[in-house]
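Asks: Each residue of the sequence shown is one higher than the last, beginning at 1 in the working numbering. In this text, a Cβ means the ideal position worked out from N, Cα and C, and glycines have one as well. I'd like to ask you about the structure that follows.
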Amino acid sequence: MENNMKQENGGRHVSAWVVALIVAALLIVLIVLGSRGLRDFDAALIGYAVASVFMIGAMAYRYTLWIGRPPTWRYFKAGWTNFLSLRNFRRYTLLIPQAWWTDIFAQTFILRRSLLRWIMHMSIFWGVILSLLITFPLTFGWLRFTLVPPDHYQVWVFGFPTIIFPILNGIGFMIYHGLDFSAALLVIGLSIAFWRRLNEMGLFMTQRFGFDLMPLILLFAICITGLALTASSLWWGGQFYWFISLTHQVVVVLWLLMLPFGKFFHIIQRPASIGVTLYQTVNQDVDHYTRDADSPQAIGTGRCKRCGHELPSEQFIADLKGVINDLGQDYTLNKNGDSLHDYCPTCKRVLRGQAYYQMMGKHFL
1 MENNMKQENG GRHVSAWVVA LIVAALLIVL IVLGSRGLRD FDAALIGYAV
51 ASVFMIGAMA YRYTLWIGRP PTWRYFKAGW TNFLSLRNFR RYTLLIPQAW
101 WTDIFAQTFI LRRSLLRWIM HMSIFWGVIL SLLITFPLTF GWLRFTLVPP
151 DHYQVWVFGF PTIIFPILNG IGFMIYHGLD FSAALLVIGL SIAFWRRLNE
201 MGLFMTQRFG FDLMPLILLF AICITGLALT ASSLWWGGQF YWFISLTHQV
251 VVVLWLLMLP FGKFFHIIQR PASIGVTLYQ TVNQDVDHYT RDADSPQAIG
301 TGRCKRCGHE LPSEQFIADL KGVINDLGQD YTLNKNGDSL HDYCPTCKRV
351 LRGQAYYQMM GKHFL
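In structure tokens:
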């Protein structure tokens, strides 16, 4: 069994490397094509581009490893099966958009815990997303601006001319300072994050410098140096611009290289929760109702074999047993094939206590 597990892990690592190389190569091809054979590629941004290619490849590598784990793959596959079902689409048409709103875009599940935490998460999440949406196209040469004399800019996307806007009007100001706005948003969220990590004992005792704090410190440094670049060009007459620009690039590259291996990797993992939401809803409804052509008929969910307490959906219990089996673990309790997962949490504790008592005898008390 142990040799089989090692072989499976080795196979997943090889698959992850293959996926990472393919994704990185595909991104390089898209950079060349999107920048019209590198004609629109700014050589001054080569450091950002190389770090971005490495980051995307590393993200693909780690995500492939994560998806390939037996528990993740089982539920990932079940989520896509439910998502691609026409029957489920008809019954749960609004479920996916609602889940995207509550779990990703608005993250209202955090708002129910704490308003301050919600403001922190929203500021950091949207600050990072907006920054990447602006930075990546500019870095890869997919997006560029040219001056249309005397006071207009034209936007070029993948080499095609698009809108022309005045530099000094509201739209021009918003576009030109888009990264400044995202940096200000990040400063708000990061300030709250640092305050919580210094004042909340639970976070203070469990945080790890390299995993929890370093990505936040680097992100804060990116914001400060980015805002300093704007200040240098607008108010300081270009003083210190070269030094600030070099410092900013170094910090951004370090953050990008750390992104696949730090706490911000959960941004990539989070959309998988949409599939979990659909999986749980569909299977819970299947346990409660079977529908024929005319009317629903209640059939009930799984029950604890000891007390009769309602359990999660029968499909969930079956998949949980499958995951445990994939991991080489056995929770069978008796010759009848009863499993520990056929009991509710309370009865599991009772069974555990009874087992201890049988083992220890009079020494149990």
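1. How about Trp-255 and Pro-312: are their beta carbons less than 8 Å apart?
2. Ser-114 and Ser-182: beta carbons closer than 8 Å?
3. Count the other CB atoms, across all protein chains shown, that sit within 10 Å of the CB of Ala-25; report buried if there are 16 or more and exposed otherwise.
4. If you draw a straight line from the alpha carbon of Phe-265 to that of Phe-211, how long is it in whole angstroms?
5. Let me confirm a value: Ala-318 is counted as buried when at least 16 other C-beta atoms fall within 10 Å, else exposed. Which label applies?
6. Would DSSP call Gln-154 helix, strand or coil?
7. Tell me the DSSP bridge mates of Leu-229?
8. Going by beta carbon distance, what residues of the same chain come within less than 7 Å of Pro-161, once the five residues before and after it are set aside?
9. Is DSSP giving Thr-139 helix, strand or coil here?
10. If you draw a straight line from the alpha carbon of Gly-189 to that of Thr-135, how long is it in whole angstroms?
11. Return the first residue and the last residue of the alpha helix (DSSP H) that Thr-64 is part of.
12. Using the beta-carbon count (16 or more within 10 Å), is Met-360 buried or exposed?
13. Give me, in chain order, the residues of the same chain whose beta-carbon lies closer than 7 Å to that of Leu-227; leave out the 5 immediate sequence neighbours on both sides.
14. Please look up how many angstroms separate the CB atoms of Leu-218 and Gly-79, rounded, as I've assumed it's under 8 Å.
15. Determine the closest residue to Leu-33 out of Phe-158, Thr-81 and Trp-66, with distance taken between C-alpha atoms.
16. Please work out which residues of its chain come closer than 7 Å, Cβ to Cβ, to Arg-117, disregarding the five sequence neighbours upstream and downstream, and give them in chain order.
17. How would you write the range of the alpha helix (DSSP H) that Pro-312 sits in, first residue to last?
18. Considering only heavy atoms of the ligand PLP, does any lie closer than 7 Å to the CB of Ser-273?
19. Please specify which runs of the alpha helix (DSSP H), each continuous and at least 4 residues long, are wholly inside the segment 155 to 204, giving them in chain order.
20. Express the C-alpha separation of Leu-21 and Phe-145 in angstroms, rounding to a whole number.
21. Tell me which residue opens and which closes the alpha helix (DSSP H) that Asn-88 is part of.
22. By Cβ distance below 8 Å, which residues in the same chain neighbour Lys-348 in space, the five residues on each side in sequence not counted?
23. By a C-beta neighbour count over all protein chains shown, 10 Å radius and 16 as the cutoff for buried, is Tyr-63 buried or exposed?
24. Please determine, among Gly-262, Arg-197, Val-14 and Ile-167, the residue with the shortest C-alpha to C-alpha distance to Pro-150.
25. Is Arg-349 helix, strand or coil by DSSP?
26. Verify whether the separation of the beta carbon atoms of Gln-107 and His-121 is less than 8 Å.
27. Where does the unbroken alpha helix (DSSP H) through Ser-245 begin, and where does it stop?
28. Hey, would you say Ile-119 sits closer than 8 Å to Ile-192, going by beta carbons?
Replies: So, from the data block:
1. On the sequence shown, position 255 is the one that residue 255 refers to. On the sequence shown, position 312 is the one that residue 312 refers to. Result no, Cβ atoms of Trp-255 and Pro-312 do not sit closer than 8 Å.
2. Taking the first residue of the sequence shown as 1, we reach residue 114 at position 114. Taking the first residue of the sequence shown as 1, we reach residue 182 at position 182. No, the pair does not count as a contact, with Cβ atoms beyond the cut-off.
3. Within the sequence shown, numbered from 1, the residue matching residue 25 stands at position 25. Residue environment analysis places Ala-25 among the exposed positions, since fewer than 16 neighbouring C-beta atoms fall within 10 angstroms of its C-beta.
4. Looking up residue 265 in the sequence shown gives position 265. Looking up residue 211 in the sequence shown gives position 211. In this structure, the straight-line span from the alpha carbon of Phe-265 to that of Phe-211 is close to 11 Å.
5. Residue 318 sits at position 318 when you count from the first residue of the sequence shown. Result: exposed.
6. Locating residue 154 in the sequence shown gives position 154, counting from the first residue. Strand.
7. Start at 1 with the first residue of the sequence shown, and residue 229 comes out as number 229. For Leu-229, which the question treats as bridged, DSSP gives no partner whatsoever.
8. Mapped onto the sequence shown, residue 161 falls at position 161. Once the five neighbours on either side are set aside, the close Cβ partners of Pro-161 are Gln-154.
9. In the sequence shown, counting from the first residue as 1, residue 139 sits at position 139. Taken through DSSP and simplified to helix, strand or coil, Thr-139 comes out as helix.
10. If you number the sequence shown from 1, residue 189 lands on position 189. If you number the sequence shown from 1, residue 135 lands on position 135. Answer to the nearest angstrom: the Cα atoms are 20 Å apart.
11. Residue mapping note: residue 64 aligns to position 64 of the sequence shown, counting from 1. From DSSP, the alpha helix (DSSP H) with Thr-64 extends over 46 to 68.
12. Working through the sequence shown from its first residue, we reach residue 360 at position 360. Exposed.
13. Walking along the sequence shown from the start, residue 227 turns up at place 227. Within the same chain, Leu-227 has close Cβ partners Asp-180 and Ala-183.
14. In the sequence shown, residue 218 corresponds to position 218, counting from 1. In the sequence shown, residue 79 corresponds to position 79, counting from 1. The Cβ separation is near 33 Å, so there is no contact.
15. Here residue 33 is taken as the residue at index 33 of the sequence shown, counted from 1. Scanning Phe-158, Thr-81 and Trp-66 for the CA closest to the CA of Leu-33 turns up Phe-158.
16. The residue given as residue 117 occupies position 117 in the sequence shown. Take Arg-117, set aside five residues on each side of it, and the residues of its chain with a beta-carbon closer than 7 Å to its own are Ile-110, in chain order.
17. Looking up residue 312 in the sequence shown gives position 312. Looking at the DSSP string, Pro-312 is not in any alpha helix (DSSP H), and its letter there is neither H nor E.
18. Annotation note on the ligand PLP: not contained in the displayed structure, which lists no ligands.
19. Those alpha helix (DSSP H) runs which fall completely within the segment 155 to 204 and span 4+ residues are 170 to 176 and 178 to 199.
20. Here residue 145 corresponds to residue number 145 of the sequence shown, with the count starting at 1. Here residue 21 corresponds to residue number 21 of the sequence shown, with the count starting at 1. A straight line joining the alpha-carbon of Phe-145 with that of Leu-21 spans about 32 Å.
21. Within the sequence shown, the letter at position 88 stands for residue 88. For Asn-88, the enclosing alpha helix (DSSP H) starts and ends at 86 to 91.
22. By one-based count along the sequence shown, residue 348 stands at place 348. So the qualifying residues of the chain are Leu-340.
23. Indexing the sequence shown from 1 puts residue 63 at position 63. A residue is called buried once 16 or more other Cβ atoms fall within 10 Å of its Cβ, and Tyr-63 is buried on that count.
24. Here residue 150 refers to the residue found at position 150 when the sequence shown is read from its first residue. Considering only Gly-262, Arg-197, Val-14 and Ile-167, the residue with the shortest C-alpha distance to Pro-150 is Ile-167.
25. As a working mapping, residue 349 is identified with position 349 in the sequence shown. Here Arg-349 carries a helix assignment [DSSP, helix/strand/coil].
26. For the purposes of this step, residue 107 is taken as residue 107 along the sequence shown, with counting starting at 1. For the purposes of this step, residue 121 is taken as residue 121 along the sequence shown, with counting starting at 1. Yes, they are a contact pair.
27. In the sequence shown, counting from the first residue as 1, residue 245 sits at position 245. Element bounds for Ser-245: 241 to 258.
28. Translated into positions along the sequence shown, residue 119 becomes position 119. Translated into positions along the sequence shown, residue 192 becomes position 192. Against a cut-off of 8 Å, the Cβ pair of Ile-192 and Ile-119 comes out as a contact.
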